[in-house]
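Each remark here refers to the structure printed beneath this line.
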Amino acid sequence: MKNKWHIHQPDKKLVDKISKAIKCSPVIASILVNRGIFSAEEAHAFLNISIDNLRSPFSIKDMEIAANRIYDAILRREKILIFGDYDADGVTSTALLMEFFRHTKADVSYYIPDRIKEGYGLQEKHIAEIAIPGNIDLIITVDCGSSSNEAVAAANDADIDIIITDHHILPEKLPEALAIISPKRPDCNSGLSHLAGVGVAFYLVIYLRKYLRDMHFWDRYPEPNLKNLCDLIALGTVADMVPLLEENRVFTRIGLDLINSGSRIGISALLKAGNYRDTIDSEDIAFRLAPRINAMGRIDNAKEAVELLLTGNPYTADNIARQMNQMNTKRQTIEKKVFDEIIEYIQNNPDILLSKSIVLSHHGWHEGILGIVASRLVEKFHRPVVLFVQKETIAKGSGRSTPYFNLYEGLAACSDILEAFGGHSMAAGVKIKIDNLSLFKQEFENAVLKMSQPEDLFPDIYVDHELIFDDISTGFLDELESLKPFGAGNPEPIFIARNINVISSDIVGENHRRMVLSSSSGKKDNYYNAIHFNIDKSLPEKTIYEQIAFRLRWNRWNGNKSIQLVIENI
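Residues 1 to 570 in UniProt numbering are what the sequence shown spells out, letter by letter.
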């Protein structure tokens, strides 16, 4: 598929000003400007991460109400239930609150719903079947709850208080909960709308620790060091693909340091189960840790993932980690089967790609992996995708989108025929009557046509800077490392180089091309190893490239490291 290359052209005076002020190379200064950093002060804060840079929790609405009620529940030994979500953000949010409440000796338990059997969020049946029989006095939701109007009403009728902590887009009508802690509330001016669910839960903990300190609560118990929770926040934040900027950047950097120190037995066990023993970064969270945590919620129940993060027993951690690794392998097998089925179907029905969206349904697909498969289809065909599994009279689906189409707004345009939907611009869940699937396919396609442009079907590559091979050095890569952690909102820099000679080339694995490259531009006779993943082997092999787009990374192996170019596009 043809790619659209966009080469950033930052203001040269601004780049020069930042470069001189913070004593960095002009290339690094250019990348900072490309990321929206326009002053030396902002650049310094970005590069020198400190927990002291966190904004105060005191501007978040309903914090005092929540802290008051939780304090009373702790003192009265009331039963508190943490109600979480089954994805990595919800799992880490649940573990974070559980760990904090253990320091308070509160009577606290947690519940994670089953994705397949129960679905998302707090529901009336959870009040009737869990909270009331369990004599629960207070429910605190994490990473969910903003749309649980009926469940909150049922809890109110049963004299059970509910505190909602969430980060999702809010519906027009909010539940009548005791407190709704959400930076996305229109009346909340905290500036923290970029937080993941685990970040919101952590801000409640920051406020609550201070509240308990003011009440002299910590005179009786050791006051916890909240920095030790940052590994959980890093996991949930990276997994949920929120922007790794501001507070999220702080949480992730500190959290990665904790993970690499081996301080949490469960995370270390999960890395060991996956045969990964190197220093990890945000990419490893996204592609190694998060999928294993998410696999539990997709295929089984996420309760074991919470237990892994909370246990202090190495034997227990190893057993759960092995189970999670096996579940992830099972998830991969199911995912591949569904993905291959869809690709074969599209190959046999190529007219599907005449539309700007892909909407497919089947009665036999596994509901838990539809979102991942949809993401892979978006990556391959670069258009919004919604996949449904049919059960009796209802179809439940997962959608994923490109940056150019707001999926939530697209589904909202079809809301008259939907039973329910929720999510955000890039990912959403949806429920519809099977009889309305054909109509939805038409209405959704119309929404995509109306809200996007023809050129949006071509993938974008955003190039940060043009380099000659003379610019590449170990010192330059060390400077690049200071920009980490990379992720949503702070993508790994992509560079362009021209007039590239291929010195050697061979295929490794199934379809990866390994090369040694040199450049006819510049003064030095530099050679660099390069790897191009997932190539189209039907394309002819070249000896010269007019230009390449690439990332620069350290290739670490057996205690040694060397510079490697990871080819993005040619």
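Beta carbons are placed, not taken as given, at the ideal position from N, Cα and C, and that holds for glycine.
Reduced DSSP category for residue i - H, G, I as helix; E, B as strand; rest coil
| i | result |
| --- | --- |
| residue 1 | A caution first: residue 1 carries a pLDDT of 49, below 50, which makes its placement in the model unreliable, though a value can still be read off. Three-state result, residue 1: coil. |
| residue 15 | helix |
| residue 360 | strand |
| residue 400 | strand |
| residue 242 | coil |
| residue 576 | Shown here, the chain extends from 1 to 570; a query on residue 576 therefore has no answer. |
| residue 303 | helix |
| residue 431 | strand |
| residue 6 | strand |
| residue 173 | coil |
| residue 116 | coil |
| residue 180 | strand |
| residue 143 | coil |
| residue 280 | coil |
| residue 275 | coil |
| residue 297 | helix |
| residue 90 | helix |
| residue 31 | helix |
| residue 392 | coil |
| residue 368 | helix |
| residue 48 | coil |
| residue 23 | coil |
| residue 57 | helix |
| residue 195 | coil |
| residue 452 | coil |
| residue 444 | helix |
| residue 167 | coil |
| residue 570 | coil |
| residue 123 | coil |
| residue 382 | coil |
| residue 617 | With the chain represented from 1 up to 570, any question about residue 617 goes unanswered, as that position is not in the structure. |
Supposed close pair residue i, residue j - CB separation, criterion 8 angstroms
| i | j | result |
| --- | --- | --- |
| residue 485 | residue 253 | 6 angstroms |
| residue 256 | residue 281 | 6 angstroms |
| residue 83 | residue 122 | 5 angstroms |
| residue 205 | residue 96 | 7 angstroms |
| residue 66 | residue 179 | 4 angstroms |
| residue 377 | residue 342 | 7 angstroms |
| residue 537 | residue 502 | Between residue 502 and residue 537 the Cβ distance is about 16 angstroms, and since that is not below 8 angstroms, they are no contact. |
| residue 488 | residue 186 | Between residue 186 and residue 488 the Cβ distance is about 24 angstroms, and since that is not below 8 angstroms, they are no contact. |
| residue 79 | residue 107 | 5 angstroms |
| residue 151 | residue 129 | Rounded, the Cβ-Cβ distance is 11 angstroms, inconsistent with contact. |
| residue 98 | residue 86 | Contact flag wrong, Cβ pair sits at about 16 angstroms. |
| residue 94 | residue 306 | 5 angstroms |
| residue 494 | residue 553 | Not really, about 12 angstroms apart at Cβ, beyond 8 angstroms. |
Beta carbon proximity, residue i to chain C, threshold 7 angstroms
| i | result |
| --- | --- |
| residue 142 | Among the protein chains of the structure shown there is no chain C, as only one such chain exists. |
Identity of the residues DSSP links to residue i by a beta bridge
| i | result |
| --- | --- |
| residue 138 | 80, 161 |
| residue 109 | 81 |
| residue 387 | 360, 398 |
| residue 460 | 4 |
To test your reading of the DSSP string, which unbroken beta strand (DSSP E) runs of 3 or more residues are found completely within the UniProt domain "RecJ OB" (463-568)? 495-508, 512-519, 527-532, 544-557
Using 8 angstroms as the threshold, is the segment 524-534 in touch with the segment 547-566, meaning 3 or more CB pairs across them? yes
Would you list, in sequence order, the uninterrupted alpha helix (DSSP H) runs of no fewer than 4 residues that lie entirely inside the segment 210-273? 230-239, 246-261, 265-273
At least three beta-carbon pairs within less than 8 angstroms, the segment 460-472 to the segment 437-446: no
Is the segment 414-429 touching the segment 394-406 in the sense that three or more CB pairs, one from each, lie closer than 8 angstroms? yes
Does the count of Cβ pairs from the segment 353-371 and the segment 289-306 closer than 8 angstroms reach three? yes
Could you check whether the segment 260-272 touches the segment 312-330, counting it as contact only if at least three pairs of C-beta atoms, one from each stretch, sit closer than 8 angstroms? Three or more beta-carbon pairs separated by less than 8 angstroms link the segment 260-272 to the segment 312-330, which places the two stretches in contact.
Quick one: any contact between the segment 8-25 and the segment 35-43, if contact means 3 or more CB pairs under 8 angstroms? yes
Decide if the segment 168-176 is in contact with the segment 199-214; the criterion is three or more beta carbon pairs, one per stretch, under 8 angstroms apart. no
Give a yes or no on contact between the segment 321-329 and the segment 345-363, applying the rule of three or more CB pairs nearer than 8 angstroms. no
Between the segment 547-556 and the segment 488-500, do three or more beta carbon pairs fall short of 8 angstroms? yes
Counting pairs of beta carbons, one from the segment 272-287 and one from the segment 506-513, are three or more of them closer than 8 angstroms? no
For the 8 angstroms Cβ check, are there 3 or more pairs between the segment 187-197 and the segment 210-227? no
Do three or more CB pairs link the segment 130-143 to the segment 441-460 at distances below 8 angstroms? no
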